[in-house]
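Asks: One line per chain: the protein sequences are A, B and C, in this order.
If you read the first sequence in the working numbering, its first letter stands for residue 6, the second for the next number, and so on.
If you read the second sequence in the working numbering, its first letter stands for residue 1415, the second for the next number, and so on.
If you read the third sequence in the working numbering, its first letter stands for residue 755, the second for the next number, and so on.
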Amino acid sequence: MGVALFLNIVTALLEIELVRMFLSVVAVFTFVAIGGAMFLVLMERKVSAWIQARIGPRHVGPGGVLQTIADTVKILQKEHIVSAQADRFMFSLAPIMVAVAALLSYVVLPWGPGVIVRDLNVGLLYFAAVSSVGVIGILIGGWASNNKYSLYGGLRSAAQMISYEIPLGLALLTVAVLTGTLSTAKIVEAQPYPLLYYPFILVNAFIFITAATAETNRVPFDLPEAESELVAGYFSEYTPMRFAVFQLGEYGALFANSALFVTMFLGGWRGPFDLPLIGAVGSGIIWFLLKSYAIVFFLMWVRWTYPRLRIDQLLNVSWKVLVPLGLVNLLVVSFFVVMGW
Amino acid sequence: MAGEAIAFYILTGMIVTAAAIVVGSKNIVHAGVSLVPVLLGVAGLYVLLRAEFLTVVQILIYVGAITVLLLFVILLTEGATGLRTRQRNEQVPLAAAVAALFLVTLLVALTRTPWALTNQPSAAYNIGAVGTSLFTTYVLVFEVAGLLILASLVGAIVIARKES
Amino acid sequence: MIGLQHYLILSALLFAIGLFGVLTRRNAVAVLMGVELMLNAAAINFVAFTHFVSPGLVRGHVAALVIITLAACEAVVGLALVINAYRHLDTIQVDEMNLMKG
């Protein structure tokens, strides 16, 4: 009886493609941990060094490429400390929420022709939805630390992310109106867009990249973690491993947003030519990664070039510039699409 | 089918437990955070009911916006956990009786009613169908909802504004 | 086999829990949370009825969407009121807000 029930459960689980799901999760997680967090931290340090005319990490491995691995090993050896009077459960939950929210958004990224974890009909909305869950992790992480600077960081982050979700959503909607679909794979197929729409797409891309930068809490919108005024905001009380999980979420979201930008505006996995030897799928993946890392580089360049905004400036940019711009853009594009131009 | 039943019971357990924490917890921040599993559980039910668009909207608006706003206001006003203040009023026995009575009435009513069930297999309701009916059959509902959003936007700004 | 009644019972439970929260909480934000639970229970009913009684039609989905819109509006206005009350009265416990004039 028990065995039969167990077997039933196993077959039922296999029917919902559990194996495929599990392998996808492993693949995505490995990519986020290595290609996302570890590589991007190294890249950030190298890019910032290059912009500030320094050399950056150079001792571990050739040219310092193994520096983050050494850092990870060091982080793993550190003790977990929960500060006194902190809410233990919430304190541990917060980094996991941030990281899981970032990981979930990888489900709808089209890596190459047919290479996608799940092509959802509502892919774009799904992306916006799961990335908006991460803010709860930041908010409760800031609160649970029992530190006023952390709380300030969490509150700022909540205000900022709620404000910038609206221009982000408007940018996604404009793309959906243009392509007539919310599925990320079909959006790639709908490109290149007609030449007539280029001015609007440029405006849209600007809105999206600004809002995405704010959503990932990066300079010039890094008020939630402003080191110099809030001692790193919501994660100042976190000991290394949990801090690393926060970083995993943050860099994971950074790459995911860049990849979505590539999907919506830069033709996704399409390249100017197919690379030899690795086939259409392989070259699609290579082009997709190349473009995404180019956008990541652009965001790092911005980060190390511009100073931080004040909180009122930051909210004004969202509500008085990006939201009206996004609405007008959506209206004009909808008009063009309805007229069939 | 077995998979669906397992998923349903897991979601039910998650929703009911978390909802009990939402209404019962002495720590007001815990209550607010427990709203997240309730709302995600309801989103999971929408997946089981093949309503993909609603699932995403539920997560986007409820979890991503409303819960964050609630938590934001709790942190702004209570500052901390609210543990120092009494969180329940003196109506607990009465309220429990009312809620239980209500539940029993509802359960009796809904188990005795013969529902006009159909056995036709239902395809997933795609977002196109929802959008089309929202802009044709239910366009008035849509317009009223839009007006409501505008009114509450203006109302919230006017109410929360600092008088100078 | 999960049928309509399973969903209805779950939604009745959720509604009763929400009702209990609305009736017993002193904190205005917690009262709003109870209201959110009740609205969610209603939305589950709409979607479940659509799925089991009239599959193919999306009426219930439209109703659930309207409920979510309503919930958002209610939360925004409610929280604005809470902030305003806190500014004037220094409390957000609903049974202590007993002034006709702020």
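Cβ coordinates follow ideal geometry from the N, Cα and C atoms, glycine included.
#1: May I ask you to report which of helix, strand or coil DSSP gives residue 252 of chain A?
#2: DSSP state of residue 119 of chain A, grouped into three classes?
#3: Would you list, in chain order, the members of the stretch 1416-1442 of chain B that have their beta-carbon closer than 7 Å to a beta-carbon of chain C?
#4: So residue 1445 of chain B packs on residue 826 of chain C, CB below 8 Å; how close in whole Å?
#5: Taking the CB atoms as reference points, tell me whether residue 165 of chain A and residue 213 of chain A lie closer together than 8 Å.
#6: Pick helix, strand or coil for residue 90 of chain A, following the three-state DSSP scheme.
#7: So which residues on chain B does residue 768 of chain C lean against when the C-beta distance must stay under 9 Å?
#8: Any contact between the stretch 167-183 of chain A and the stretch 332-343 of chain A? By contact I mean 3 or more CB pairs, one from each, below 8 Å.
#9: Check residue 841 of chain C in the structure and name its three-state DSSP category.
#10: Quick check on the DSSP output: the alpha helix (DSSP H) that includes residue 64 of chain A runs from which residue to which?
#11: Quick check: is the beta carbon of residue 133 of chain A nearer than 8 Å to any beta carbon in chain B?
#12: Which one of C/838, C/822, C/835 has the shortest CA to CA distance from residue 1559 of chain B?
#13: Relative to the alpha-carbon of residue 107 of chain A, which residue among A/42, A/331, A/324 has its alpha-carbon at the smallest distance?
#14: Does the stretch 793-804 of chain C touch the stretch 1447-1462 of chain B, meaning 3 or more C-beta pairs lie closer than 8 Å?
#15: Which two residues bound the contiguous alpha helix (DSSP H) that contains residue 43 of chain A?
#16: Drop a sphere of 10 angstroms on the beta-carbon of residue 344 of chain A, count the other beta-carbons inside from all chains shown, and report buried for 16 or more, exposed for fewer.
#17: Step through the CB atoms of chain B and report whether any lies within less than 8 Å of the CB of residue 838 of chain C.
#18: Check this for me: beta carbons of residue 791 of chain C and residue 768 of chain C, under 8 Å apart or not?
#19: Which value, in whole angstroms, describes the spacing of the CA atoms of residue 209 of chain A and residue 329 of chain A?
#20: Residue 217 of chain A: buried (16+ other C-beta within 10 angstroms of its C-beta) or exposed?
#21: Taking 8 Å as the cut-off, does the stretch 45-60 of chain A touch the stretch 102-118 of chain A (at least 3 CB pairs, one atom from each stretch)?
#22: Which value, in whole angstroms, describes the spacing of the CA atoms of residue 758 of chain C and residue 814 of chain C?
#23: What are the start and end residues of the alpha helix (DSSP H) that includes residue 375 of chain A?
#24: With a threshold of 8 Å on Cβ separation, who are the neighbours of residue 1548 of chain B within its own chain once the five nearest residues in sequence on each side are excluded?
#25: Which chain A residues sit within Cβ distance under 8 Å of residue 1477 of chain B?
#26: State the DSSP-derived secondary structure class of residue 1441 of chain B, mapped to helix, strand or coil.
#27: Touching or not, the stretch 95-107 of chain A and the stretch 62-69 of chain A, by the rule of three or more beta carbon pairs under 8 Å?
#28: Suppose the cutoff is 8 Å on Cβ atoms and the five residues either side in sequence are ignored; what does the same chain contact list for residue 252 of chain A look like?
#29: Drop a sphere of 10 angstroms on the beta-carbon of residue 317 of chain A, count the other beta-carbons inside from all chains shown, and report buried for 16 or more, exposed for fewer.
#30: Check each residue of the stretch 78-99 of chain A: if its Cβ is closer than 9 Å to any Cβ of chain B, include it; give the result in chain order.
#31: Can you name the start and end residues of the alpha helix (DSSP H) that residue 212 of chain A belongs to?
#32: Counting only C-beta atoms, is residue 1481 of chain B closer than 8 Å to chain A at any point?
#33: Any beta carbon from chain B within less than 8 Å of residue 851 of chain C's own beta carbon?
#34: Measuring only the C-alpha atoms, how far is residue 1424 of chain B from residue 197 of chain A?
#35: Assuming residue 1384 of chain B and residue 1469 of chain B are in contact, meaning their beta carbons sit under 8 Å apart, how far apart are those beta carbons, in whole angstroms?
#36: What residues match up with residue 847 of chain C in a beta bridge as DSSP calls it?
Replies: For this structure:
#1: Within the first sequence, residue 252 of chain A is the residue found at index 247, counting from 1. Here residue 252 of chain A sits in helix by DSSP.
#2: Counting from 1 along the first sequence, the entry for residue 119 of chain A is found at position 114. In this structure, residue 119 of chain A counts as coil in the three-state DSSP scheme.
#3: Residues of the stretch 1416-1442 of chain B that bring their beta carbon within less than 7 Å of a beta carbon in chain C comprise 1418, 1419, 1422, 1426, 1429, 1430, 1433, 1434, 1436, 1437, 1442, in sequence order.
#4: Counted from its first residue, the second sequence places residue 1445 of chain B at position 31. Counted from its first residue, the third sequence places residue 826 of chain C at position 72. The beta-carbon separation of residue 1445 of chain B and residue 826 of chain C, rounded to 20 Å, does not stay under the 8 Å limit for a contact.
#5: For the purposes of this step, residue 165 of chain A is taken as residue 160 along the first sequence, with counting starting at 1. For the purposes of this step, residue 213 of chain A is taken as residue 208 along the first sequence, with counting starting at 1. For residue 165 of chain A and residue 213 of chain A, no; Cβs fall outside 8 Å.
#6: Against the first sequence, residue 90 of chain A aligns to sequence position 85. In the three-state reduction of the DSSP assignment, residue 90 of chain A falls in the coil class, being assigned neither a helical nor a strand state.
#7: Locating residue 768 of chain C in the third sequence gives position 14, counting from the first residue. Scanning chain B for C-beta atoms nearer than 9 Å to the C-beta of residue 768 of chain C yields 1429, 1430, 1433, 1452, 1456, reported in chain order.
#8: Output reads yes: the stretch 332-343 of chain A touches the stretch 167-183 of chain A.
#9: Numbered from 1 along the third sequence, position 87 holds the residue referred to as residue 841 of chain C. Secondary structure of residue 841 of chain C (DSSP, three-state): helix.
#10: Against the first sequence, residue 64 of chain A aligns to sequence position 59. Premise fails: residue 64 of chain A is in no alpha helix (DSSP H) and is neither H nor E.
#11: If you number the first sequence from 1, residue 133 of chain A lands on position 128. With 8 Å as the cut-off, residue 133 of chain A counts as an interface residue toward chain B.
#12: Mapped onto the second sequence, residue 1559 of chain B falls at position 145. Considering only alpha carbons, the answer is C/822.
#13: Position 102 of the first sequence, counted from the first residue, corresponds to residue 107 of chain A. It is A/42 whose Cα lies nearest to the Cα of residue 107 of chain A.
#14: By the C-beta criterion, the stretch 1447-1462 of chain B is judged to be in contact with the stretch 793-804 of chain C, since at least 3 inter-stretch pairs fall below 8 Å.
#15: Residue numbering aside, residue 43 of chain A sits at position 38 when the first sequence is read from its first letter. Boundaries for residue 43 of chain A: no alpha helix (DSSP H) harbours it, and the DSSP string shows neither H nor E there.
#16: If you number the first sequence from 1, residue 344 of chain A lands on position 339. Burial state of residue 344 of chain A is exposed, judged by a 10 Å Cβ sphere holding fewer than 16 other Cβ atoms.
#17: Taking the third sequence and counting its residues from 1, the one referred to as residue 838 of chain C is at position 84. Chain B, which has a Cβ nearer than 8 Å to the Cβ of residue 838 of chain C, makes this yes.
#18: In the third sequence, counting from the first residue as 1, residue 791 of chain C sits at position 37. In the third sequence, counting from the first residue as 1, residue 768 of chain C sits at position 14. Yes, the Cβ-Cβ distance between residue 791 of chain C and residue 768 of chain C is below 8 Å.
#19: Within the first sequence, the letter at position 204 stands for residue 209 of chain A. Within the first sequence, the letter at position 324 stands for residue 329 of chain A. Going by the C-alpha atoms only, they are around 12 Å apart.
#20: Indexing the first sequence from 1 puts residue 217 of chain A at position 212. Burial call: buried.
#21: Judged by pairs of C-beta atoms under 8 Å, the stretch 102-118 of chain A does not touch the stretch 45-60 of chain A, as fewer than three such pairs exist.
#22: To locate residue 758 of chain C, count along the third sequence from 1; it is residue 4. To locate residue 814 of chain C, count along the third sequence from 1; it is residue 60. Using only the alpha carbons, I get a separation of about 14 Å.
#23: The shown model of chain A, from 6 to 346, leaves out residue 375 of chain A, and the question about it has no answer.
#24: Indexing the second sequence from 1 puts residue 1548 of chain B at position 134. Closer than 8 Å at the Cβ level, and outside the excluded window around residue 1548 of chain B, lie 1555, 1556.
#25: If you number the second sequence from 1, residue 1477 of chain B lands on position 63. In chain order: 134, 137, 138, 141.
#26: Against the second sequence, residue 1441 of chain B aligns to sequence position 27. Three-state result, residue 1441 of chain B: coil.
#27: Pairwise C-beta distances place the stretch 95-107 of chain A out of contact with the stretch 62-69 of chain A, as fewer than three of them are shorter than 8 Å.
#28: In the first sequence, counting from the first residue as 1, residue 252 of chain A sits at position 247. Spatial neighbours of residue 252 of chain A in its own chain (CB-CB distance under 8 Å, excluding positions within 5 residues in sequence) are listed in chain order as 42, 46.
#29: The residue labelled residue 317 of chain A in the question sits at position 312 within the first sequence. Around the Cβ of residue 317 of chain A, a 10 Å sphere holds fewer than 16 other Cβ atoms; the residue is exposed.
#30: Shown in chain order are the members of the stretch 78-99 of chain A whose Cβ falls below 9 Å from a Cβ of chain B: 92, 94, 95, 98.
#31: Here residue 212 of chain A corresponds to residue number 207 of the first sequence, with the count starting at 1. That run of the alpha helix (DSSP H) goes 203-220.
#32: Sequence index remark: in the second sequence, residue 1481 of chain B carries index 67 (1-based). Answer yes: the Cβ-Cβ gap between residue 1481 of chain B and chain A drops below 8 Å somewhere.
#33: Translated into the one-based positions of the third sequence, residue 851 of chain C becomes position 97. The beta carbon of residue 851 of chain C does not come within 8 Å of any beta carbon belonging to chain B, so the residue lies off that interface.
#34: Within the second sequence, the letter at position 10 stands for residue 1424 of chain B. Within the first sequence, the letter at position 192 stands for residue 197 of chain A. About 44 Å.
#35: A query on residue 1384 of chain B cannot be resolved here, the shown segment of chain B reaching from 1415 to 1578 and no further.
#36: If you number the third sequence from 1, residue 847 of chain C lands on position 93. Looking at the DSSP output, residue 847 of chain C bridges to C/781.
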